[in-house]
Every structure is written in structure tokens, then in C-alpha cells.
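Heads up: the structure comes next, in C-alpha cells.
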Amino acid sequence: MPKLIVNTLLFQLGWFACVFGGDSLWLLSVAAMLAVHLLWTSSWAAEGKLLITVFLAGSALDSFLLNLGVFDFGEPRTLIPLWLASLWLLMATTLNHCLAWTAQPWWRGSLLGAIGAPLSYYGGAQIAGVGLPYGTWQSLLLIGAIWAVVMPVLHGFAKLYRSQYEQRLRTRQSA
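My numbering applies: residue 2 is where the sequence shown begins, and numbers increase by one.
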């Protein structure tokens with residue numbers, strides 16, 4: 002239980018560092034939080050593929066939404082800023098830990114994604130000065146619909162990589 006609390010706190014502290022700090026030295030605190038997660042809460046072997054997959058897929062998704070005009074960062078760009086991409090890394094650290102309860106049944110993750118993600122994006126946009134050119138409600142409904150699918154998919158990756166890791170451990174132990 003203490004590890005779940007630490008996982009939750011690290012995610013929330015990282016969220017604040019990214020949203021309030023932007024692309025500043027505050028991102029170094031996110032690197033420190035990831036290190037703590039990997040050293041204390043988990044391990045690189047157990048979660049490395051998940052962190053990379055979620056980071057790349059999430060950054061691609063948000064960059065796609067940026068290019069569709071859903072987000073406006075106040076300057077022309079084709080890729081999301083590093084602070085927003087870093088939030089995807091932080092999100093990945095929660096899937097096998099404090100958000101593991103949302104993996105089964107699938108609708109828990111879907112419901113959390115549909116409600117929690119728009120709230121997080123809205124709060125982040127307000128704090129970081131990110132515009133939502135399609136309108137607030139239209140953007141949040143779109144984000145909610147996307148995340149209703151994204152959360153179960155992310156949990157699917159977490160389950161796949163976790164089972165691969167456990168299989169490797171069993172193979173090594175039996176050898």
C-alpha cells in the first residue's frame with residue numbers, strides 16, 4: 002500500500018512540475034521521479050517497454066491532435082512540447098500500480114479515461130496557457146471519447162509486457 006501512495010504522489014508531483022514548469026529545468030524533477038519509480042516501485046526490466054510504448058504512442062496521439070488543431074501552444078509547431086510528452090511517461094508509471102484497479106473490467110479504465118483525461122487536459126490547458134481552438138466543451142468531449150479507448154489499450158500493453166516479463170522470470174528460474 003505505501004508503494005501505491007508513493008506512485009500516486011510521484012505522478013501528481015510530476016503533473017504539477019510539467020504543467021507549471023513547462024519546458025524548463027523543472028523537467029529534471031520528472032526524470033528524478035521516473036528514477037525513483039524504476040528503482041523503488043518497479044524496475045526497468047519490468048516496465049521499460051511500457052514506459053517507452055506509452056511515451057511514443059501518447060506523444061504521437063497528442064501531436065496528431067495538435068496538428069488537427071485541437072491544441073494551440075501559442076506558436077507554430079508540429080510536435081507537442083516536451084512537458085506534455087513527459088506527462089505520458091508519468092502516466093505509464095501508474096498503469097501497473099496506483100491505476101491497476103482500472104484494468105479489469107475494461108470499462109473501469111474506459112470510464113476513468115472518459116472522465117479523468119478531459120479534466121486533466123482542461124486543468125493543464127488552463128495552467129499552461131494552452132488554447133483549445135475548437136471550443137472547450139467540444140475539445141473535452143473529443144478527448145474523453147479518445148481516452149475511453151486509450152485507457153483499455155494502455156492497460157493491454159501493460160498486461161502484455163508484464164506477462165512477458167513474468168514468463169522470462171519463470172524461464173530463468175526453471176533453467
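Even glycine gets a Cβ: it sits at the ideal position worked out from N, Cα and C. The model shown is predicted, which means the values in this text are computed figures rather than measured ones.
Residue range of the unbroken alpha helix (DSSP H) whose run includes residue i
i    : result
Y166 : 137–175
C19  : 3–22
A101 : It is not in any alpha helix (DSSP H) - A101 carries neither H nor E in the DSSP assignment.
F72  : Per DSSP, F72 belongs to no alpha helix (DSSP H) and is neither H nor E.
V31  : 28–37
I81  : Element bounds for I81: n/a, residue is neither H nor E.
L120 : 107–129
Integer Cβ distance of residue i from residue j, believed to fall under 8 Å
i    : j    : result
G114 : W148 : 3 Å
V71  : S140 : 6 Å
F74  : V131 : 6 Å
F17  : T95  : Between T95 and F17 the Cβ distance is about 15 Å, and since that is not below 8 Å, they are no contact.
T79  : M152 : The pair is not a contact, with the Cβ atoms about 26 Å apart (cut-off 8 Å).
S136 : P119 : Before going on, a small fix: residue 136 reads as Gly here, not Ser. Actually they are not in contact, since the Cβ atoms of G136 and P119 sit about 13 Å apart, beyond 8 Å.
For residue i, the nearest candidate out of the options (CA to CA)
i    : options               : result
I128 : G22, A101, N8         : G22
V150 : L57, G125, L62        : L62
G125 : N97, Y162, V154, S87  : S87
S60  : P77, E76, P82, A101   : P82
N8   : V37, S25, D24         : V37
L5   : R171, R169, L100      : L100
L170 : I116, E76, A46, N68   : A46
N68  : P134, H98, P3, Q105   : P134
L10  : S175, H98, L142, G117 : H98
Chain D contact for residue i (CB, 9 Å cutoff)
i    : result
P134 : The chain inventory of the structure shown lacks chain D, comprising one protein chain alone.
Next item on the list: Pair every Cβ in the region 27–35 with every Cβ in the region 82–94, then say whether three or more of these pairs are closer than 8 Å.
Entry: yes
Check: Any chance the region 37–56 sits against the region 107–118, with 3 or more Cβ pairs inside 8 Å?
Finding: No contact exists between the region 37–56 and the region 107–118.
Note to self: Contact between the region 148–161 and the region 44–57 is defined here as three or more beta-carbon pairs at a separation below 8 Å; is this criterion met?
What the structure shows: Inter-segment contact for the region 148–161 and the region 44–57 is present: three or more beta-carbon pairs are separated by less than 8 Å.
Next item on the list: Pick out the complete alpha helix (DSSP H) segments inside the region 45–70, 4 residues or longer, and give them in chain order.
Entry: 45–69
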